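J.: Chains as they are written, first to last, in the numbering used here: chain A, 122 to 489; chain B, 10 to 51.
Below are the structure tokens for one structure; questions will follow.
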Amino acid sequence: SSFIKKLQTATQARASFNGGSGSSRGDSFLVPGATVATLLMLGVLHARRMYDDKKVEEARERGIESEFQPDFKASVLRLLPLRSISRCWGYLTSVEMPVWLRPYVYRAWARAFHSKLEEAALPLNKYANLREFFVRALKEGCRPIDPDPQCLVSPVDGTILRFGELKGPGVMIEQVKGFSYSVASLLGASSFLPMVAEGDMDEDGDEAENTPMDKRKKSWWRISLSSPKVRDSVSSRPVKGLFYCVIYLKPGDYHHIHSPVDWKIFIRRHFSGNLYPVNERATRTIRNLYIENERVVLEGLWQEGFMAIAAIGAINIGSIELPIEPEFRSNLPRKKLLHPETAEERLYEPGIGMTLRKGDEIAAFNMG
Amino acid sequence: STVVMVFQAPVIIGDSSSEFKFSIKRGDKIRVGEALGRWREQ
Chain A
122 SSFIKKLQTA TQARASFNGG SGSSRGDSFL VPGATVATLL MLGVLHARRM YDDKKVEEAR
182 ERGIESEFQP DFKASVLRLL PLRSISRCWG YLTSVEMPVW LRPYVYRAWA RAFHSKLEEA
242 ALPLNKYANL REFFVRALKE GCRPIDPDPQ CLVSPVDGTI LRFGELKGPG VMIEQVKGFS
302 YSVASLLGAS SFLPMVAEGD MDEDGDEAEN TPMDKRKKSW WRISLSSPKV RDSVSSRPVK
362 GLFYCVIYLK PGDYHHIHSP VDWKIFIRRH FSGNLYPVNE RATRTIRNLY IENERVVLEG
422 LWQEGFMAIA AIGAINIGSI ELPIEPEFRS NLPRKKLLHP ETAEERLYEP GIGMTLRKGD
482 EIAAFNMG
Chain B
10 STVVMVFQAP VIIGDSSSEF KFSIKRGDKI RVGEALGRWR EQ
């Protein structure tokens with residue numbers, strides 16, 4: 122704003138020097154001046170964010186973990202109509218661009234967010250708008266799937282935030298040091314997360330014989346989805362061998378989700394929550410970030426048992442598309458006020474499920 | 010955007026002798042199709 126004020130002062134000075142005849146020329150200078158100021162401001166903000174990210178990464182390399190610190194900005198975010206802002210962003214990025222302009226815009230995007238343009242399936246001028254470019258498919262063979270039958274592959278391109286085995290009562294995943302969230306809240310209260318009650322544990326901490334795991338060994342394809350159990354997550358703990366992995370996708374990453382194994386999806390849950398940013402800073406400052414955001418959970422079974430994938434949207438990349446259910450839409454205006462933990466569910470082929478092979482595409486994120 | 014996976018995988022229980030191990034570290038960049046973890050007979 123000080124830059125614009127200086128511009129205005131300079132324009133007025135020039136106008137008075139020219140005896141008032143420079144007014145219209147001054148106005149015409151103001152618009153490009155404001156544009157330059159906006160671009161400069163965005164550049165400074167981007168540089169500052171990169172500097173902050175670098176500092177956090179350096180601290181992590183030194184073994185210093187960032188801690189949960191709620192702040193004023195995070196509180197203000199809650200007051201903003203984030204879903205509407207996200208949809209506006211989606212609308213803006215859907216505006217068709219002139220063909221000559223497309224390569225410049227997409228190259229600038231790729232430079233800013235470290236995308237690999239040589240992997241794009243189509244020439245740059247074929248993507249009519251930024252939204253189409255963002256959700257671009259890759260050339261055949263760009264993502265070879267590990268052929269080892271005893272391996273579980275990454276469903277996305279991204280950065281590993283956390284992973285490990287789920288143990289202990291409550292089944293919590295650490296969002297950041299000092300704050301954890303419950304897996305049941307993330308996946309939904311009606312999730313088939315394999316748990317055992319505390320009373321079913323023997324002295325060694327192993328599950329008693331009649332656990333869901335043992336039942337699964339006898340018949341893991343046969344699962345009843347008709348009567349979800351309501352469990353007390355505090356007095357129960359996960360069966361042995363329940364793992365999790367949290368992967369963050371940067372704006373420049375390939376935003377399609379693929380099957381990590383051969384599996385059957387039985388149910389899709391859609392939680393139409395808010396749309397906060399989900400970057401490093403947000404994980405440190407926004408409580409329950411992942412379980413308050415809009416998300417889609419796909420749940421089913423693979424040869425070793427339970428499998429669930431939660432795709433969590435963000436303000437800039439808010440909509441989630443499902444090639445396995447093309448009519449599904451997310452990030453729509455909410456018709457009624459639902460509790461963030463209330464999900465809209467759909468069963469795929471009740472009792473049979475939808476079979477997917479390792480590497481098959483199951484979902485994609487899109488802008489706005 | 011973020012993706013969270015929750016899954017069961019082999020661990021040593023009773024007569025089972027295979028165990029799942031993650032093959033990644035925190036902060037690693039990973040791409041679709043690359044191994045997150047493997048299980049092997051012990």
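Just so you know, even glycine gets a beta-carbon here, dropped at the ideal spot from N, CA and C.
Since this is a predicted model, take the numbers as computed values, not measurements.
Nearest CA to the CA of R252 of chain A: which residue from A:Y227, A:D383 and A:P202?
T.: Of the candidates A:Y227, A:D383 and A:P202, the one whose C-alpha sits nearest the C-alpha of R252 of chain A is A:Y227.
J.: Would a check of beta-carbon distances place K38 of chain B closer than 8 Å to chain A?
T.: Judged by the 8 Å Cβ criterion, K38 of chain B is in contact with chain A.
J.: For the stretch 272 to 280 of chain A against the stretch 386 to 393 of chain A, do three or more pairs of beta-carbon atoms, one drawn from each stretch, fall closer than 8 Å, so that the two count as touching?
T.: No: the two stretches stay apart, fewer than three of their Cβ pairs being nearer than 8 Å.
J.: Is Y248 of chain A helix, strand or coil when you go by DSSP?
T.: Reduced to three states, the DSSP call for Y248 of chain A is coil.
J.: Give the DSSP-derived three-state secondary structure of H391 of chain A in the structure shown.
T.: If DSSP states are grouped into helix, strand and coil, H391 of chain A belongs with the strands.
J.: Does chain B have any CB closer than 8 Å to the CB of H376 of chain A?
T.: So yes, H376 of chain A belongs to the interface.
J.: Output, in sequence order along the chain, the residues in the stretch 434 to 445 of chain A whose CB is closer than 8 Å to any CB in chain B.
T.: The stretch 434 to 445 of chain A vs chain B, Cβ under 8 Å: G434, A435 and I438.
J.: Once the 5 residues before and after E482 of chain A are set aside, which same chain residues still bring their CB inside 6 Å of it?
T.: Closer than 6 Å at the Cβ level, and outside the excluded window around E482 of chain A, lie H377, H379 and P444.
J.: In terms of residues, what are the limits of the beta strand (DSSP E) holding S27 of chain B?
T.: Where S27 of chain B is concerned, the enclosing beta strand (DSSP E) stretches over S27 to F31.
J.: So, at 8 Å on beta carbons, what are the nonlocal neighbours of H167 of chain A in its own chain, with the 5 sequence-adjacent residues on each side left out?
T.: Same-chain partners within the cutoff: A233.
J.: In this structure, does DSSP put I483 of chain A in helix, strand or coil?
T.: Strand, per DSSP.
J.: F284 of chain A and C366 of chain A: beta carbons closer than 8 Å?
T.: The answer is yes: Cβ separation under 8 Å.
J.: In chain order, what residues of the same chain lie with their CB nearer than 6 Å to the CB of P349 of chain A, ignoring the 5 residues before and after it?
T.: Low confidence applies here, because P349 of chain A scores a pLDDT of 39, under 50, leaving its location unreliable and the question unanswered by this model.
J.: For a contact meaning CB atoms closer than 8 Å, what does H391 of chain A contact in chain B?
T.: Result: empty, since nearest Cβ-Cβ is about 15 Å, beyond 8 Å.
J.: Return helix, strand or coil for I473 of chain A, following the three-state DSSP convention.
T.: Correct three-state label for I473 of chain A: coil.
J.: Using alpha carbons as the reference points, say which of A:I206, A:R169, A:T476 and A:V382 lies closest to P270 of chain A.
T.: Of A:I206, A:R169, A:T476 and A:V382, the residue nearest in Cα terms is A:V382.
J.: Checking 8 Å against the spacing of the C-beta atoms, do I368 of chain A and I281 of chain A come in under that value?
T.: It is a contact, given that the beta carbons lie within the stated cut-off.
J.: Using a Cβ cut-off of 8 Å (strictly closer), state whether S340 of chain A contacts chain B.
T.: In this prediction, S340 of chain A has a pLDDT of 42, which is less than 50 and means its spatial position is unreliable; what the coordinates show is noted afterwards. No, S340 of chain A lies away from the interface with chain B (no Cβ there is under 8 Å from its Cβ).
J.: In the DSSP assignment, what residue or residues form a beta bridge with S303 of chain A?
T.: DSSP lists A:M293 as partners of S303 of chain A.
J.: If you measure beta-carbon to beta-carbon, which residues of the stretch 275 to 287 of chain A are closer than 9 Å to chain E?
T.: Absence of chain E from the displayed structure is noted, the protein chains being A and B.
J.: Taking 7 Å as the cut-off, is the CB of V12 of chain B close to at least one heavy atom of the ligand FAD?
T.: For the ligand FAD, the structure offers nothing, since it holds no ligand at all.
J.: Count Cβ pairs between the stretch 42 to 50 of chain B and the stretch 290 to 301 of chain A that sit closer than 8 Å; are there 3 or more?
T.: The stretch 42 to 50 of chain B vs the stretch 290 to 301 of chain A: no contact.
J.: Thinking G88 of chain A and G373 of chain A are a contact (beta carbons under 8 Å), I'd like their distance in whole angstroms, please.
T.: The structure shown has nothing for residue 88 of chain A, since chain A only spans 122 to 489.
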